[in-house]
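The next block holds one structure in the form of structure tokens; read it before the comments.
Numbering (the numbering used here), first residue to last: 1476 to 1660.
Right under this line is the structure:
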């Protein structure tokens, strides 16, 4: 038995074991770091969704959306409801109903169908120009102020400054319209 070769092999094995031990230690440290980062991210997840049109950056959490997202959705819903002609009201109504909360769907559908029938019967058009959007993140609401111009048979009948309240709810990764109503200024 060659004692020098055996001693050399033993030293080589110890050196390799130290290297493997350091590698395992580094991997364990990296794994623990990843675990700490993941645990810190739980509950702060923000999902990026795309509204009908993107004008500003925004954020979305589990049950809330940012002020910017509310403003964009508020102006979009106001356009769908208030900026209509007899030719456009049916397709805008169908698009709007995709955003309505399930528990409010029937009421909103009836309201929009009645309004569509009225506009077609009197050949009226309404044009809305938003001038101010005031979002409330806590209540998930937007107040849309602007000028509403009404025409019947192509003739202007009224141009008024009006304010509307749009109430939203963010559930299941989707934005839902709960209510859209005129309010006093």
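Just so you know, even glycine gets a beta-carbon here, dropped at the ideal spot from N, CA and C.
Give the DSSP-derived three-state secondary structure of residue i in the structure shown.
{"i": "residue 1649", "result": "strand"}
{"i": "residue 1655", "result": "strand"}
What residues in its chain sit with their C-beta under 7 Å from that of residue i, if we drop five residues either side in the sequence?
{"i": "residue 1598", "result": "1561, 1627 and 1628"}
{"i": "residue 1550", "result": "1605, 1608 and 1619"}
Provide the residue span of the alpha helix (DSSP H) that contains residue i, from first to last.
{"i": "residue 1573", "result": "No alpha helix (DSSP H) contains residue 1573, which DSSP labels as neither H nor E."}
{"i": "residue 1562", "result": "Looking at the DSSP string, residue 1562 is not in any alpha helix (DSSP H), and its letter there is neither H nor E."}
{"i": "residue 1503", "result": "1478-1516"}
For residue i, collect the residues of the same chain with a Cβ closer than 6 Å to its Cβ; drop the 5 residues on either side in sequence, then sort them by chain order.
{"i": "residue 1545", "result": "1610 and 1617"}
{"i": "residue 1558", "result": "1602 and 1603"}
{"i": "residue 1625", "result": "1601, 1632 and 1633"}
{"i": "residue 1642", "result": "1616, 1653 and 1654"}
Measuring only from the beta carbon, is residue i closer than 7 Å to any heavy atom that is part of the ligand MG?
{"i": "residue 1570", "result": "In the structure shown, the ligand MG is absent, as is every other ligand, since no ligand is present at all."}
* **Complete runs of the beta strand (DSSP E) confined to the stretch 1586-1644 [at least 3 residues]** => Within the stretch 1586-1644, the runs of beta strand (DSSP E) at least 3 residues long that lie entirely inside it are, in chain order, 1599-1611 and 1616-1627.
* With contact counted as at least three CB pairs below 8 Å, one residue from each stretch, are the stretch 1537-1548 and the stretch 1579-1599 in contact? -> Flag = no, the stretch 1537-1548 and the stretch 1579-1599 do not touch.
* **Inter-stretch contact (C-beta, 8 Å, three-pair minimum) for the stretch 1503-1519 and the stretch 1607-1619** => Flag = no, the stretch 1503-1519 and the stretch 1607-1619 do not touch.
* Do the stretch 1562-1572 and the stretch 1628-1638 touch if we need at least three Cβ pairs shorter than 8 Å? -> With the cut-off at 8 Å, the stretch 1562-1572 and the stretch 1628-1638 do not touch.
* Counting pairs of beta carbons, one from the stretch 1506-1515 and one from the stretch 1574-1586, are three or more of them closer than 8 Å? -> They do not touch, by the three-pair rule.
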